[in-house]
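Each remark here refers to the structure printed beneath this line.
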Amino acid sequence: MASVKVVRKANKEDKFGKAPLYLRIIKDRKAKFVALSIRVLEEEWDEETQQVVKIKGLKGREMRLKVQQYNKAIAKKRSEAEDVALDLETTSKYVAPQKIKETIMGKSSESFLKYAHRYLASLEKSKKMGTLGKGKSVISKLEIYLGSRDIVFTDIDYTFLKSYETYLRESLGNSVNTIHNNFNVIRKLINEAIAEGHLPYEKNPFLRFKMRLEKTTKNYLSEEELDAIEALPLKPASKRYQHRSIYIFCCWAGGLRISDVIQLQWLNYKEGKITLTMYKTNTVVSIMLPKRAIEIIEEYDQPDKKPTDYIFPFLRNDRDYSDPKALFKAISSISSYANKDLKRIGEEAGIPHVLHFHTSRHTFATRALRKGMRIEYVSKLLGHTSVKTTQIYAKVVNEELDKAMEAFN
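Under full-length UniProt numbering, the first residue of the sequence shown carries the number 1, and numbering increases by one thereafter.
This is the structure:
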C-alpha cells in the first residue's frame with residue numbers, strides 16, 4: 001500500500017524562510033513528490049499533524065480563517081492522492097509512485113506552461129511585440145516560482161493564486177498594480193483555455209479570486225506648464241530639443257504614442273493631415289493637425305526628402321525595420337532615451353510631477369475635453385476601443401470644474 005504524507009521541503013526555502021509543501025508518495029521504498037502550491041515558515045508548520053498551525057503577521061479571526069483555508073486545501077489534496085493510490089492498486093498489482101503522481105497531477109490534461117508558450121509564440125507571429133514582452137515577463141516570473149515542476153490547468157486553483165500573490169508581494173516586493181498585471185495575463189490564458197475546452201468553466205479560479213487594483217493618478221500638463229516647457233531654452237537640433245519637439249507635437253496631435261510618432265513618414269502626411277496605423281492597436285486613425293503641430297512638422301522638412309523618409313530624426317532612413325523584433329528594440333531604446341530627457345526637461349521647467357512621454361496623451365485628452373471636444377471623438381483619436389477607457393479623463397476635467405466652483409464659497 002502506498003503511503004501519502006505532507007512534508008515541508010526545508011531545502012527549498014526562499015530568502016524569507018518560507019518553504020513549499022509537497023505530497024510525498026512512497027511505494028516500495030520509492031518516493032515521488034507533488035507540489036501543493038503552499039509555502040510556509042518552519043514555525044508555521046506542524047510536521048506531526050501535517051497542518052499549518054499559524055500564519056506569521058496575522059492575528060485573531062483573520063489568521064484562523066487563513067489557517068483553515070490552507071489546512072482544508074491540504075486535506076483535500078491528500079485525500080485525493082490516497083483515493084488515487086487505492087484505485088490504482090485495486091486495478092493493478094504493480095503500481096509505481098510515478099504512476100500515482102501522474103494520475104494525481106492529471107498529466108494527460110493540458111500543461112499550463114506549454115499552453116502559455118504557445119500563446120507567446122502566437123503573439124510573436126502576429127507581431128504584437130509590446131504584448132509579447134509583457135507576457136514573457138509574466139510567464140518567466142511564474143516559471144521561477146514553480147522551479148523545475150510543471151502545472152496543469154486544474155492545479156491553478158484559488159489556493160495556488162493566493163499563494164502566488166503572497167510570493168509576488170512578499171518575496172519579489174511587487175506593487176498591487178504590478179501583481180494585478182501579472183494575474184491579468186494568467187486570467188486571459190485561463191479564459192482562452194476554457195473557451196477551447198481545456199478547463200470547465202466552473203473550475204475557473206478567478207470566479208472566486210479577486211484581483212486588487214489601486215487607483216493611479218494620471219498626470220497631465222496645464223496650459224501654463226505646457227508653455228513653460230516650450231519656453232525652456234534648448235540647443236536647436238540637439239536630442240533634448242528633438243525629444244521636446246515630439247512631446248509637444250503629441251500634446252497637439254491627438255495624443256499619439258511615441259511608438260507611432262517616431263514611425264511617421266512623409267507619406268503619412270498630406271495637406272495638414274496625418275493618416276497612420278497605430279503600432280499598439282493596429283487601428284487606422286486620421287488626424288487633422290492644428291497649427292502648432294504643423295509648425296513642428298515643417299521644422300523637420302527637407303527639400304530632398306523621400307516619401308518613405310521618417311519625419312522625425314530617430315529611426316534611420318537607411319535601416320530596414322521590417323523585422324518586428326528589430327523595430328520593437330529600436331522603439332524601446334528611443335523611448336527610454338526620450339523619457340530620460342523629458343524627466344530633466346520637466347525638472348528644469350518646474351513641473352511638479354515626473355514628465356514622461358505618456359503624459360502627452362493625458363495632456364491632449366484633458367485639453368481636448370476642456371475645449372469642448374466630444375468624448376467619442378477624443379476616444380477615437382486616442383485609439384481607445386471603448387469610450388469607458390476615455391471617461392477617466394472626463395472625470396479629471398469634472399473634478400477641475402468642481403474645484404473651480406469652490407471659489408464661490
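Where is the CB? At the ideal position from N, CA and C, for every residue including glycine.
Distance, residue j Cα to residue i Cα
{"i": "Leu23", "j": "Lys380", "result": "54 Å"}
{"i": "Tyr321", "j": "Phe328", "result": "9 Å"}
{"i": "Phe312", "j": "Ile331", "result": "13 Å"}
{"i": "His180", "j": "Phe160", "result": "15 Å"}
{"i": "Gly255", "j": "Arg244", "result": "14 Å"}
{"i": "Cys251", "j": "Pro307", "result": "25 Å"}
{"i": "Ala73", "j": "Asn11", "result": "23 Å"}
{"i": "Ser137", "j": "Asp150", "result": "17 Å"}
{"i": "Lys32", "j": "Ile26", "result": "7 Å"}
{"i": "Arg240", "j": "Ser333", "result": "15 Å"}
{"i": "Arg187", "j": "Ala231", "result": "47 Å"}
{"i": "Glu82", "j": "Val6", "result": "12 Å"}
{"i": "Leu189", "j": "Tyr119", "result": "8 Å"}
{"i": "Asp260", "j": "Tyr167", "result": "37 Å"}
{"i": "Val176", "j": "Leu213", "result": "6 Å"}
{"i": "Asn71", "j": "Asn174", "result": "27 Å"}
{"i": "Glu223", "j": "Val354", "result": "17 Å"}
{"i": "Leu267", "j": "Glu124", "result": "27 Å"}
{"i": "Lys59", "j": "Ser286", "result": "58 Å"}
{"i": "Gln50", "j": "Lys325", "result": "50 Å"}
{"i": "Arg208", "j": "Ala85", "result": "30 Å"}
{"i": "Lys127", "j": "Tyr337", "result": "23 Å"}
{"i": "Lys77", "j": "Glu347", "result": "56 Å"}
Status (buried if at least 16 other CB within 10 Å, exposed otherwise) for residue i
{"i": "Thr90", "result": "exposed"}
{"i": "Val4", "result": "buried"}
{"i": "Ser108", "result": "For Ser108, the predicted model reports a pLDDT of 38, less than 50, meaning its position is unreliable and no value from the coordinates is stated."}
{"i": "Glu42", "result": "exposed"}
{"i": "Gly383", "result": "buried"}
{"i": "Asp28", "result": "exposed"}
{"i": "Ala121", "result": "exposed"}
{"i": "Asp155", "result": "buried"}
{"i": "Pro236", "result": "exposed"}
{"i": "Leu369", "result": "buried"}
{"i": "Gly372", "result": "exposed"}
{"i": "Ile139", "result": "buried"}
{"i": "Glu196", "result": "exposed"}
{"i": "Ala35", "result": "buried"}
{"i": "Asp304", "result": "exposed"}
Closest Cα partner of residue i within the set the options
{"i": "Ala19", "options": "Lys270, Thr277, Leu146 and Lys343", "result": "Leu146"}
{"i": "Lys218", "options": "Glu13, Lys134 and Phe364", "result": "Phe364"}
{"i": "Asp227", "options": "Met129, Ala349, Glu298 and Val152", "result": "Ala349"}
{"i": "Thr390", "options": "Lys280, Gly346 and Thr366", "result": "Thr366"}
{"i": "Leu234", "options": "Ile345, Glu47 and Ala75", "result": "Ile345"}
{"i": "Thr281", "options": "Glu13, Ser111 and Ser386", "result": "Ser386"}
{"i": "Asp323", "options": "Pro303, Gly135, Met129 and Ile392", "result": "Met129"}
{"i": "Phe314", "options": "Gln263, Thr359, Ile296 and Glu298", "result": "Gln263"}
{"i": "Glu143", "options": "His117, Leu289 and Lys59", "result": "His117"}
{"i": "Lys141", "options": "Val185, Leu123 and Tyr158", "result": "Val185"}
{"i": "Ile294", "options": "Asp309, Tyr279, Ile274 and Ile392", "result": "Ile274"}
{"i": "Arg257", "options": "Pro352, Thr178, Gly135 and Ser335", "result": "Ser335"}
{"i": "Ser148", "options": "Gly135, Glu165, Leu113 and Tyr164", "result": "Leu113"}
{"i": "Pro288", "options": "Glu202, Asn204, Val378 and Asp301", "result": "According to the sequence shown, residue 288 is Met rather than Pro. Ranking Glu202, Asn204, Val378 and Asp301 by Cα distance to Met288 puts Val378 first."}
{"i": "Tyr201", "options": "Ala2, Ser79, Ser163 and Asp157", "result": "Asp157"}
{"i": "Glu298", "options": "Thr283, Glu271 and Asp318", "result": "Glu271"}
Under the three-state DSSP convention, the category residue i falls into
{"i": "Gln68", "result": "helix"}
{"i": "Pro200", "result": "coil"}
{"i": "Thr389", "result": "helix"}
{"i": "Lys107", "result": "Caution is warranted here: a pLDDT of 43 is assigned to Lys107, below 50, making its placement in the model unreliable, and no coordinate value can be reported."}
{"i": "Asp46", "result": "strand"}
{"i": "Met278", "result": "coil"}
{"i": "Lys215", "result": "coil"}
{"i": "Leu21", "result": "strand"}
{"i": "Tyr321", "result": "coil"}
{"i": "Arg344", "result": "helix"}
{"i": "Tyr158", "result": "helix"}
Residues near residue i by beta carbon distance below 6 Å, same chain, minus five either side
{"i": "Met211", "result": "His180 and Phe183"}
{"i": "His362", "result": "Lys218 and Tyr220"}
Residue i Cβ short of 7 Å to the ligand GDP heavy atom set
{"i": "Leu41", "result": "The ligand content of the structure shown is nil, which means the ligand GDP is not present either."}
Beta-carbon contacts of residue i that lie in its chain and below 8 Å, excluding the five residues immediately before and after
{"i": "His356", "result": "Asn339, Leu342 and Lys343"}
{"i": "Gly56", "result": "Residue identity check: residue 56 is Lys in the sequence provided, not Gly. Answer for Lys56: Leu41, Glu43 and Glu44, listed in chain order."}
{"i": "Tyr115", "result": "Phe153, Leu189, Ala193 and His198"}
{"i": "Glu376", "result": "Val387"}
Cβ-based neighbour list, residue i, same chain, cut-off 7 Å, excluding 5 preceding and 5 following
{"i": "Phe16", "result": "Glu170 and Ser171"}
{"i": "Asp46", "result": "Val53"}
{"i": "Tyr247", "result": "Leu342, Phe357 and Ser360"}
{"i": "Lys9", "result": "Ala19, Pro20 and Tyr22"}
{"i": "Met278", "result": "Asp260, Val285 and Gly383"}
Below-8 Å beta-carbon distance, residue i vs any chain C residue
{"i": "Gly383", "result": "Absent from the structure: chain C. Only one protein chain is present."}
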